[in-house]
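Report on the following structure.
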Amino acid sequence: MFRRAGVIVLASGVLLAAGCAPKPTPTVNDSMTKVMQPQTQVIWDITSRAFNAKGDGLDGSKISPADWIRLAQSSRRVRDRARILADAPHVTVAKASDTVMGAFASHAGTKQTWDAASAAQVQGLIDADPAGFAKHARALADAMDTLHTATRTRDAATVYAVSSGLDETCDGCHQPFWGTDDPPPFPK
Ligand code: HEC
């Protein structure tokens, strides 16, 4: 009897300790490579297979029941991760061991608009405007929430509206915080 009680006390102590440890916020790089990119690819693959004959919308009958489930899962995963990034008190770009795409082409010092960015430079851009970064993360979360809701009623028109604008939602954050499409300034 005593022994059993002891085990229970010990077990709940372990649970408590595990519950108290703050969960580290996933990095931007982890989010992009493990969630945003692969899950968005699922959404794009399904929607591009479902174009209507005119090519100006989706034909809901071309989205299989299994694909509706995949759409729901992927939109939920992207939404939840985007919310974590939006709500995080501090966002870390990458772990030291991570490779940030294009970083090898970056220059030292302040990033010029047309330069590739290193992880440190991206970190500097986010730290200089955390609210702006959160706003873009929130925009992605909201778009994915709309898509997720649309999967419940199999609303292909809304799925089309969200998926066709998704690229811009991603780029809306990439442009200010990662890279740019701006051409170099005209040499004087
Ligand atoms: C709130 C800002 C934000 C949003 C929204 C966002 N990204 Fe990113 N993304 C970044 C930043 C910052 C980087 C550069 C740092 C890095 O590579 O991790 C990046 C880099 C990436 C990379 C390169 C990762 C690597 O290998 O270094 C991919 C791929 C990517 N994003 C995909 C996406 C897709 C797809 C979406 C939209 C569904 C998206 N991102 C939306 C901020 C964002």
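Numbering (the numbering used here), first residue to last: 15 to 202.
All C-beta atoms in this analysis are idealised placements derived from N, C-alpha and C, irrespective of residue type, glycine included.
Bear in mind the structure is a predicted one, so any value in this text is a computation, not a measurement.
- Contact between residue 60 and residue 84 holds: CB atoms are separated by about 6 Å, below the 8 Å threshold.
- A direct Cα-Cα distance of roughly 17 Å separates residue 101 from residue 137.
- Relative to the Cα of residue 188, the nearest Cα in the group 119, 103, 172, 107 belongs to 107.
- In this structure, the alpha-carbon of residue 82 lies about 7 Å from that of residue 168.
- For residue 99, the Cβ falls inside the 7 Å cut-off from some heavy atom of the ligand HEC.
- C-alpha of residue 37 to C-alpha of residue 66: approximately 44 Å in a straight line.
- Taking 7 Å as the cut-off, the C-beta of residue 136 counts as close to a heavy atom of the ligand HEC.
- A distance criterion of 7 Å places the beta-carbon of residue 191 in contact range of the ligand HEC, judged by its closest non-hydrogen atom.
- Taking C-beta atoms under 8 Å as the contact rule, residue 90 and residue 162 qualify, at a distance of about 5 Å.
- In this structure the stretch 143–152 touches the stretch 177–192; the number of beta carbon pairs closer than 8 Å is three or more.
- Counting C-beta atoms within 10 angstroms of its own C-beta, residue 51 has fewer than 16 neighbours from the protein chains shown and is therefore classed as exposed.
- Within the same chain, Cβ atoms closer than 6 Å to the Cβ of residue 176 are found at 157, 160, 161, the five residues on either side in sequence being excluded.
- A direct Cα-to-Cα measurement between residue 55 and residue 147 gives close to 22 Å.
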